[in-house]
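Counting from 170, one number per residue, gives the positions in the sequence shown under the numbering used here.
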Amino acid sequence: MLLTGATGFVGMELLARVLEHTDREVIALVRADDDEAAQARLDAMLVTLLAPGERPAAGRVRAVAADLEQPGLGLAPAARDRVAGQAEAIVHCAASISFSLPLDEARQVNVDGTREVLRLAEETATRGTLERVVHVSTAYVAGEREGRVRERQGDVGQGFRNTYERTKLEAEGLVHESGLPVAILRPSIVVGDSVTGWTPAFNVIYWPLQAFARGLLSTLPSDPDGRVDIVPVDVVADALLALLEGPLRRGAFHAVAGDGAPTCATLARMAAEAFGVPTPEFVAPGEDPAAEEMAGVMLPYFRVRCVFDALRGRALGACPPPLADYFPALMRYADDARWGKKSTPRWAPAGEELTPAG
170 MLLTGATGFV GMELLARVLE HTDREVIALV RADDDEAAQA RLDAMLVTLL APGERPAAGR
230 VRAVAADLEQ PGLGLAPAAR DRVAGQAEAI VHCAASISFS LPLDEARQVN VDGTREVLRL
290 AEETATRGTL ERVVHVSTAY VAGEREGRVR ERQGDVGQGF RNTYERTKLE AEGLVHESGL
350 PVAILRPSIV VGDSVTGWTP AFNVIYWPLQ AFARGLLSTL PSDPDGRVDI VPVDVVADAL
410 LALLEGPLRR GAFHAVAGDG APTCATLARM AAEAFGVPTP EFVAPGEDPA AEEMAGVMLP
470 YFRVRCVFDA LRGRALGACP PPLADYFPAL MRYADDARWG KKSTPRWAPA GEELTPAG
C-alpha cells in the first residue's frame, strides 16, 4: 500500500495498526530532499510508534521522498514507476491542517496535492494494480451549516470558517470526479487515544485547554450550546483500517461523536473539574478580546450549531465512547507530557520519556 502523511498524527496511528494487524508492505511518501533523508525521518518516527518487540515490523515500511506541493509529487521517474506498479491501495492522509493559511497556499497542499495523488492512483489503476483509495477529509467540510449534516451531503453552497474547510471540500470534489474506487473518511476534531491519551501533537483543541488549565481563559466568548465534536485517534485509525481491509466501500463516512458530542458548556465543566479551576463564564462575542485571542483559531468551533450524522461511519465501527469516559485520560497524558514539551513514545506509560537507543 501507499501511504501519505505517515509522519502525521492520523497517519502514524494508521501505520501502527497496519503493521500490527496486517502483513502489508507499506510505501510511505515522506517530505524530504531524498530517499535517504526520508527513510531517516520515518525511522525516527517508528521508534516513537513501535515498542521494541514490534520493531521488526518496521522492515515492511519503506520511505520514498516526495512533496505534495510539487508537480508529480516531486517523485523521481523511477520511484513513480515503482510505486505505480506496486500499490494495491492508496491512503491519502497528508494535508495542511492550518486554519490560517491564505487560500492559495492552502489549495497548493490540500487541493493540488490531492490532485497529484489521484493522478498517481490513475496510473496505478491503469497498471491493473489498484484496488482502492482511501481519502482522509474532515467532517467540517460542512462549514457553517446548521442542523443535521448527512454523510452523503457535500457542497450545498455552505460558507466556511477558514481556508482549511474550504480546501478540504474542494479536494473532495476532485475525489468524486476521479471515478476511482474511493472512500472518504471525515473525522471531526481528532484528539489522543481514548485509553492512554497519547498524542504527538498538542494543537487544535489542546491550545485553549492548555490556556484554561493555566488560568489564562476564565471567560469564553462562545456559545454554551454550541456542539464540540471530538473523536479519539484510535477510533479514526480503526475506521481507516476497516476501509482499507474490509469490503470495498465508496462515498463518505463520518468518524464523529455525532449525537453524543458535548455542548461547549459541558466541555467547559469537564475541563474545570479536570484542572481544579472555576468553570469559565460565557460572554458574548466582542466582550473579551483577550479571551478571543487566547482561544485563537479554535474559537469558531465553540460556536458550531450542527450535528454530524454517522450512520455510515458507525457501520465501520467508528463508535467513539462518550467524551466524559476518556477526557480524564486525555488531560492526564497532556499533563504528564507537559503539553508536548516532553517526548513520550506511543507504547510507553505517559510518564516515561523517550531515550535514544544505545
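Positions of the beta carbon are idealized from the N, C-alpha and C atoms, including for glycine.
Would residue i be called buried (16 or more neighbouring beta carbons within 10 Å of its own) or exposed?
i	result
histidine 261	buried
valine 325	exposed
glycine 465	exposed
threonine 283	buried
alanine 453	exposed
threonine 295	exposed
glutamate 269	A small fix is needed here, since residue 269 is serine in this sequence, not glutamate. Classification of serine 269: exposed, given that the 10 Å Cβ count is below 16.
glycine 180	buried
alanine 247	exposed
arginine 507	exposed
lysine 511	exposed
histidine 423	buried
proline 489	buried
arginine 229	exposed
aspartate 533	Look at the range of the chain in this structure, 170 to 527, and you will see that residue 533 is not part of it.
alanine 411	buried
glutamate 189	exposed
proline 525	Confidence in proline 525 is poor, its pLDDT being 45 and thus under 50, which makes the residue's placement too unreliable to answer from.
proline 449	buried
glutamate 121	Given that the chain is displayed from residue 170 to residue 527, the structure contains no residue 121 and the question cannot be resolved.
leucine 272	exposed
glycine 395	buried
glycine 482	buried
aspartate 362	buried
leucine 215	buried
aspartate 407	buried
alanine 226	buried
alanine 220	exposed
glycine 527	Unreliable positioning characterises glycine 527 in this predicted model, as indicated by a pLDDT of 38, which lies under 50. The coordinate reading is nonetheless provided below. It counts as exposed.
Give the C-beta separation of residue i and residue j to the nearest angstrom, bearing in mind that I take them to be a contact with Cβ-Cβ under 8 Å.
i	j	result
tyrosine 502	glycine 384	The Cβ separation is near 20 Å, so there is no contact.
tyrosine 375	serine 267	With a Cβ gap of about 15 Å, tyrosine 375 and serine 267 do not count as contacting.
arginine 200	alanine 235	7 Å
leucine 386	proline 377	6 Å
glutamate 346	cysteine 475	So it is not a contact: roughly 26 Å between Cβ atoms.
alanine 185	leucine 218	5 Å
glutamate 461	proline 390	5 Å
leucine 172	leucine 409	Leucine 172 to leucine 409, Cβ: 10 Å. No contact.
glutamate 341	phenylalanine 329	Going by Cβ atoms, the distance from glutamate 341 to phenylalanine 329 rounds to 13 Å, so no, they are not a contact pair.
glycine 427	phenylalanine 477	5 Å
valine 360	leucine 499	6 Å
alanine 275	threonine 176	That belief does not hold up - the Cβ atoms of alanine 275 and threonine 176 are roughly 20 Å apart, past 8 Å.
phenylalanine 381	phenylalanine 444	7 Å
valine 425	alanine 479	5 Å
leucine 338	glycine 323	7 Å
methionine 439	phenylalanine 371	About 18 Å separates the two Cβ atoms, so there is no contact after all.
glutamine 255	threonine 191	In fact, because the Cβ distance is near 16 Å, the residues do not count as touching under 8 Å.
For residue i, which residues does DSSP report across the bridge?
i	result
alanine 352	Val303 and Gly420
phenylalanine 477	Val318
leucine 237	Note: leucine 237 sits in no beta bridge, so no partner.
histidine 261	Thr173 and His304
alanine 232	Ala197
isoleucine 374	DSSP, once it has assigned bridges, lists no residue as partnering isoleucine 374.
valine 359	Val400
Write down every uninterrupted run of the beta strand (DSSP E) in the stretch 266-319 whose length is 3 residues or greater and which is fully enclosed by it, in chain order. 301-305 and 316-318
Would you say the stretch 399-410 touches the stretch 353-369, given that touching needs at least three Cβ pairs under 8 Å? yes
Length at least 3, wholly inside the stretch 376-461: the beta strand (DSSP E) runs in chain order: 399-401 and 420-424
Where are the alpha helix (DSSP H) runs, 4 residues long or more, that stay fully inside the stretch 186-225, in chain order? 204-218
Report yes or no: do the stretch 432-452 and the stretch 234-254 share at least 3 C-beta pairs separated by less than 8 Å? no
Pair every Cβ in the stretch 414-423 with every Cβ in the stretch 443-463, then say whether three or more of these pairs are closer than 8 Å. no
Is the stretch 289-305 touching the stretch 251-260 in the sense that three or more CB pairs, one from each, lie closer than 8 Å? yes
Three or more C-beta pairs under 8 Å: does that hold for the stretch 348-361 against the stretch 304-312? yes
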